[in-house]
Amino acid sequence: MDMSETNDVSALELAALMCSRVCHDVISPVGAIINGLEVLADDDDPEMKAHAMELITKSAAQASAKLQFARLCFGAAGSASAELDLQDAKAVAEGLMMGERAALTWNAPAATIGKDYVKLLLNMILIGMAAIPRGGEVAVSVDGELAKPTLRIRSTGQAARIPEETAKFLGGRSPDRFLDARAAQPYFTGLVARSLGLSIDARMDGEAFVIEASFVDSGAGV
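According to this note's numbering, the sequence shown is numbered sequentially starting from 1.
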């Protein structure tokens, strides 16, 4: 069921929820940096100081990777008609995945593409990661004409499944469903897809999870 027009979320509410999502993602590594700095300031044990520096370095890299990813995934990089390099999208996705259990496989041309397609692709990667909480592989593909691409994420791993929030909110929000910061991301993903005129679908393909966005024939529903 397409619920995209059933109960729209206000722009202010959605912005607040997405900000909460970004803050949630960055709080953990930033907190680890603070803990490491406290150890450096209060502990004279050389081994503890070395461990603290390792923690700070690793956490700073994670925080930077998450922020760089969020900038392209949720932000407004470039002008309204800007194009972004798919290799840049690959780089920020690889940076994000370094701190995750899943491995990334990238099958997309070395080319520029409309920035909102990049935004959609990165959001689909987040959903693909959520589909395999125990780890596995997230395979990314961009096919067809770059002016009207087909974007596909295929996630394989133990206990792969359609994330609950994706099942409930990718197509929009019904009046009886409460949208929180966790659910806002798949809801936002659906909004981006529909704004581009793409149909987006999340499904199981055997034991693999697949989320795909593609253009539909003129006059067909999204």
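Positions of the beta carbon are idealized from the N, C-alpha and C atoms, including for glycine.
No experiment lies behind these values; they were computed from the predicted model shown.
Answer yes or no: does any C-beta atom of chain D fall closer than 8 Å to that of Ser10?
In summary, chain D is missing from the structure at hand, where a single protein chain is found.
Let me know if Asn123 comes out buried or exposed under the rule of 16 or more other beta-carbons within 10 Å of its beta-carbon.
Here residue 123 refers to the residue found at position 123 of the sequence shown. The residue is buried, with at least 16 neighbouring Cβ atoms inside 10 Å.
Return the chain-ordered ranges of every beta strand (DSSP E) run that is complete within the stretch 156-206 and spans a minimum of 3 residues.
For the stretch 156-206, the full-length beta strand (DSSP E) segments reaching 3 residues or more read 198-205 along the chain.
Within the stretch 68-121, note down every full beta strand (DSSP E) run reaching 3 residues or more, in order along the chain.
Taking 3 residues as the minimum length, the beta strand (DSSP E) runs contained wholly in the stretch 68-121 are 83-85, 102-107, 112-114, in order along the chain.
Leaving out five residues on either side along the sequence, give the residues of the same chain with a beta carbon under 7 Å from the beta carbon of Phe234.
Missing from the structure shown is residue 234; the chain here goes from 1 to 222 and no further.
Answer yes if the stretch 136-148 comes into contact with the stretch 165-180, meaning at least three C-beta pairs across the two stretches below 8 Å, and no otherwise.
With a cut-off of 8 Å, the stretch 136-148 and the stretch 165-180 do not count as touching, because too few Cβ pairs lie within range.
Is Leu55 near Ala111, with beta carbons less than 8 Å apart?
In the sequence shown, counting from the first residue as 1, residue 55 sits at position 55. In the sequence shown, counting from the first residue as 1, residue 111 sits at position 111. The Cβ atoms of Leu55 and Ala111 do not sit closer than 8 Å to each other.
Who are the near neighbours of Ser20 in its chain, counting only those whose CB is closer than 7 Å to its CB and skipping five residues on each side?
Reading the sequence shown from its first residue, position 20 is the one you call residue 20. Answer for Ser20: Ala181, listed in chain order.
Which partner residues does Ala226 have in the DSSP bridge list?
Outside the shown range of the chain (1 to 222) lies residue 226, about which nothing can therefore be said.
Backbone CA spacing between Ile34 and Tyr117 [nearest angstrom]
Residue numbering aside, residue 34 sits at position 34 when the sequence shown is read from its first letter. Residue numbering aside, residue 117 sits at position 117 when the sequence shown is read from its first letter. Going from the Cα of Ile34 to the Cα of Tyr117 covers about 36 Å.
Report yes if the C-beta distance between Arg134 and Arg101 is below 8 Å; otherwise report no.
If you number the sequence shown from 1, residue 134 lands on position 134. If you number the sequence shown from 1, residue 101 lands on position 101. Contact check for Arg134 against Arg101 passes: the beta carbons are separated by less than 8 Å.
Per-residue burial, Val216 [other beta carbons within 10 Å of its own, 16 or more giving buried]
Here residue 216 is taken as the residue at index 216 of the sequence shown, counted from 1. Exposed: under 16 other Cβ atoms inside 10 Å.
With Asp143 as the anchor, note down where its beta strand (DSSP E) starts and where it stops.
Walking along the sequence shown from the start, residue 143 turns up at place 143. Run containing Asp143: 136-143, per the beta strand (DSSP E) assignment.
Answer with buried or exposed for Gly144, where buried requires no fewer than 16 other C-beta atoms within 10 angstroms of its C-beta.
Here the question's residue 144 lines up with position 144 in the sequence shown. Counting the other Cβ atoms within 10 Å of the Cβ of Gly144 gives fewer than 16, which makes it exposed.
Touch check for the stretch 200-212 and the stretch 146-163: three-plus C-beta pairs under 8 Å?
Touching, yes, given that three or more Cβ pairs across the two stretches are closer than 8 Å.
Under 8 Å, do Ala63 and Val92 count as touching if we go by C-beta distance?
Residue 63 sits at position 63 when you count from the first residue of the sequence shown. Residue 92 sits at position 92 when you count from the first residue of the sequence shown. Taking 8 Å as the Cβ cut-off, Ala63 and Val92 do not qualify as a contacting pair.
Alpha carbon of Glu94 to alpha carbon of Ala60, nearest angstrom:
Walking along the sequence shown from the start, residue 94 turns up at place 94. Walking along the sequence shown from the start, residue 60 turns up at place 60. Their backbone Cα atoms lie some 16 Å apart in a straight line.
How would you call Pro46, buried or exposed, if buried means at least 16 neighbouring beta carbons within 10 angstroms?
The sequence position of residue 46 within the sequence shown is 46, counting from 1. By the 10 Å Cβ count, Pro46 comes out exposed.
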